[in-house]
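Read left to right, the sequence shown gives residues -20 to -1, 1 to 151 (mature numbering (1 follows the signal peptide of the UniProt record, and there is no 0)). Taking it in order: structure first as structure tokens, then the write-up.
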Amino acid sequence: MRGSLMVVATVIATLTFQIAINPPGGVWQQDSNNQQGCASGNTCKAGTSVLATSSHDKNQRLKYEMFILLCTVSFTASQTVILFLLTGFQLRNRLVMWLLILVMCLSVICLAGAYVISIWMVMKPLDKLINKITLYYALFWVGLVALLCLALLLRFLIWLLKAFFRFLCCC
């Protein structure tokens, strides 16, 4: 299990790091002022995200901020799992294993959310088919994650109750 967690955490960390380096919509190739899509009053610096600085639409800016937030949470969660695994935490401890799996679930959820938002950021406005597809995708992930979290919580509670009753019987 240690190897699987390490591989998944490393792939997600690599993916989210790459997203930060090369965001959807690309980066400005040269400095720009009020031309070529740069919002008025902004100076678009070379190497900065196009979608973060170019839009007059505040909704687009909010999408970009949510995208960056989700990628950052996913990256941080993956790095946390990698750090725990490298420091040699015992995976035989069910609580540690449960926490690591929960953190990886958080990382995958945030990555899926970032995927949906990136599609919304780069698609043409009012494309109803893409809106429906991404909405169903998001609902599928929310439902799946809710079921998995419920199953993990039930397993943890059963384990906790068994441990509690074993403790009571031994006293």
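Idealized CB from N, CA, C, for every residue including glycine.
The DSSP-derived three-state label of T(-7) is helix.
If you check the CB distance, F55 and A143 do not come in under 9 angstroms. Spatial neighbours of L42 in its own chain (CB-CB distance under 7 angstroms, excluding positions within 5 residues in sequence) are not present.
Judged by DSSP in its simplified three-state form, N39 adopts helix. Exposure of V(-14) is indicated by the presence of fewer than 16 other C-beta atoms within 10 angstroms of its C-beta. Selection Y44, I138 and Q10 evaluated against P4 yields Y44 as nearest (Cα-Cα).
Distance check between R(-19) and each of Y116, I81 and A57 places I81 closest, using alpha-carbon atoms only. Per DSSP, the continuous alpha helix (DSSP H) segment holding F144 begins and ends at K108 to C150. For G93 and C149, the gap between their C-alpha atoms comes out near 46 angstroms. Boundaries of the alpha helix (DSSP H) harbouring M77: R74 to V102, taken from the DSSP string.
Per DSSP, the unbroken alpha helix (DSSP H) holding A32 starts and ends at V30 to T33. Residues of the same chain with a CB within less than 7 angstroms of the CB of T60, apart from the 5 flanking positions on each side, are V83 in chain order. Collapsing the DSSP output to three states places T67 in coil. Distances from the alpha-carbon of W78 to those of T(-11), L(-16) and L132 put L132 closest. In this model, G6 and V30 are separated by some 6 angstroms (Cα to Cα).
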